[in-house]
Structure formats: structure tokens, C-alpha cells
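Count the sequence shown with my numbering and you get residues 189 to 437, in order. A virtual CB, placed ideally from N, CA and C, is assigned to each residue, including glycine.
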Amino acid sequence: MDRQILDASLIANEVIDSWKKKGEKGLICKLDIEKAYDSVDWQFLMRVMQKMGFGVKWREWIWSCISTAKFSVLINGEPVGFFTSSKGLRQGDPLSPYLFIMGMEVLSALIRRAVEGGCISGCRIQRGRGQTVNISHLLFADDAIVFCEAKRDDMTFLSWILCWFEAASGLRINLAKSEIIPVGEVEEILEMTVELGCKVGQLPSTYLGLPLGAPNKAVCVWDGVEERMRWKLALWKRQYISKAEELHS
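What follows is the structure, encoded as C-alpha cells:
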């Protein structure tokens, strides 16, 4: 709770800096979830809520909210017929983000258990006064990123986790849009990407719309961020001008 989008980007860059300073090799797995809201299994959400301690009444309320919605198709601008759905969460529903995060917490728990069992390594970074913290993954809404050592076994176990998660939740990782980014000179990187089934990326990249793994003094990597901000400012300016004209008239 209360996490900001900048926090995840800063932590991801801290992991990369730690690997580079120690001269270690690592892998960054950027995972894209396919049709995130549309494929969530309702029964899966009910089981997750039960494990989290939600009572029967709460679960019944949530089930009523997600299962009684009806949809219609526009034909020539007119709604024709109504039909129900058997899975998925509605875009724009204020409950949907919270329910989706509950589902993603299962993926987080699977990765944590894999790290505790020594199946996925993560990255240890200094926290001050000799203390270290192991960063294995970051989840922000439907954006997921996993940090592993450059080992084929890590990739194999991660692929198993993703298969288990898909079978339980209905949420599928779009491997065509996912990528593995090597940090340092990683041998057999192509074999590792085949193990997971995605493509090879490279640094610098982007994460949550912000630069990832870019040199500190590389100004050009911020061009995309600057362009998006200029576009948003121009849009806000047009909106305020139009409102001012309405008030003046």
C-alpha cells in the first residue's frame, strides 16, 4: 500500500547498479501479462480471499459484484442483447484493481517460496551497516519484473512458476512481449531465453515508463519521458484554455 511508481523504478535500478559494482552477472525478466483483467478466474479469487482471511459474507458480496454484471454488443450504435461473463474483471470498476492485486499476490508468494527454497536467487543489495536485503521481484499492478542469477536452473524454475500461476489464476504471461535482459557478459543467454520462451532484451531499457539501467549522465534516455510530459502539458493547456473560453463567454 502507498507505493509510488517511482519506488519500483528506483529499486530496479539499484539492483542493476549492485550487480555492476560487484562485477556479478544477472538476469532481469520483464514479464507482460496478457489481457490482465479479462482472464482472471473468479473461483481463484474466492480461494485467495479465503486464504487472506475474508469472511463468508465478504466473499459473497464480492462474488455478487463480479458475477452479476451483464454486457451488451453495440450494432449500428444500438445495444443488442445482454450476456453474462464467466471470468475476468471489469475495466473501470473501482473494485477491480484491488481484486487483481490480490491475485498477483499469489505470484509474489510463489516467487518468495522459490527464493526461500534456493530455486531462484534474486539479488542481495547493501542496506547499510552490513545489512543486506534480497530483491527477487517487483510487482506494480500488471507489470512484473524478476531478478535472477545468470543460471539456467533459475530460468527453468521460473517457467514452472509461471505455468502453475497460469493454471491456478487464468493469468497468462505473454512471452512474445516479455524479455530477458542480461546484466554483464552472460553466456548461454539464448539458451536461457529458450528455456523461458521469450526474447532477449538489452540495457538501457524502460520500466514503468522510466529509464532502466541507463548511465547516470546519459541525458538522451530521458527524451521519451520528456516527450510524454510535453504532450500531457499541451493537453492540459488546451483543456484549461477551452474551460476559460467557456467561462468568459
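> Could you give the C-beta distance for Ala200 and Leu400, rounded to a whole number, given that I count them as a contact under 8 Å?
Replying inline: 6 Å
>> Can you tell me whether Pro370 sits near the ligand MG, meaning its C-beta is under 7 Å from at least one heavy atom of the ligand?
In response: For the ligand MG, the structure offers nothing, since it holds no ligand at all.
> With burial defined as no fewer than 16 other Cβ atoms inside 10 Å of the residue's Cβ, what is the status of Val236: buried or exposed?
Replying inline: buried
>> Starting from Pro370, trace the beta strand (DSSP E) in both directions and tell me its first and last residue.
In response: Glu367 to Val371
> Enumerated in chain order, which unbroken segments of the alpha helix (DSSP H) with a length of 4 residues or greater are wholly contained in the stretch 305–368?
Replying inline: 340–357
> Pro399 by DSSP, collapsed to three states: which one?
Replying inline: strand
>> Using 8 Å as the threshold, is the C-beta distance between Leu233 and Gly291 below it?
In response: yes
>> For Val228 and Lys275, which I take to be in contact (beta-carbon distance under 8 Å), what is that distance rounded to the nearest angstrom?
In response: 6 Å
> Measuring CB to CB, does Leu215 end up less than 8 Å from Ala302?
Replying inline: no
> Using CA coordinates, which residue listed in Arg317, Ile313 and Ile308 is at the minimum distance from Arg340?
Replying inline: Ile308
> In chain order, which beta strand (DSSP E) runs of at least 3 residues are fully inside the stretch 223–280?
Replying inline: 258–263 and 266–272
>> Taking 8 Å as the threshold (C-beta atoms), are Cys311 and Ser206 in contact?
In response: yes
> What separation, rounded to the nearest whole angstrom, lies between the Cα atoms of Phe271 and Pro285?
Replying inline: 23 Å
>> Just to confirm the assignment, what range does the alpha helix (DSSP H) spanning Val203 have?
In response: Ile193 to Lys210
> For Ile221, which beta-bridge partners are listed by DSSP?
Replying inline: Ile361
>> Considering only the alpha carbon of each residue, which of Asp281, Ala356, Leu295 and Cys336 lies closest to Phe328?
In response: Leu295
> Hey, Ser347 and Glu376: beta-carbon distance below 8 Å or not?
Replying inline: no
>> Looking at Gly389: is its Cβ nearer than 8 Å to the Cβ of Lys218?
In response: yes
> Cα-Cα, which of Ala196, Gly280, Gly397 and His325 is closest to Ala257?
Replying inline: Gly280
> If we ignore side chains and look at the alpha-carbon of each, how far apart do Ile204 and Trp230 end up?
Replying inline: 37 Å
>> Under DSSP, the alpha helix (DSSP H) around Leu391 begins and ends at which residues?
In response: Element bounds for Leu391: n/a, residue is neither H nor E.
> Alpha carbon to alpha carbon, what distance is there between Asn322 and Gln314?
Replying inline: 9 Å
> Residue range of the alpha helix (DSSP H) that Glu379 falls in?
Replying inline: Ile377 to Leu384
> Do Thr381 and Lys387 have their CB atoms nearer than 8 Å?
Replying inline: yes
> Can you tell me whether Ala297 is buried or exposed, with buried defined as 16 or more other CB within 10 angstroms of its CB?
Replying inline: exposed
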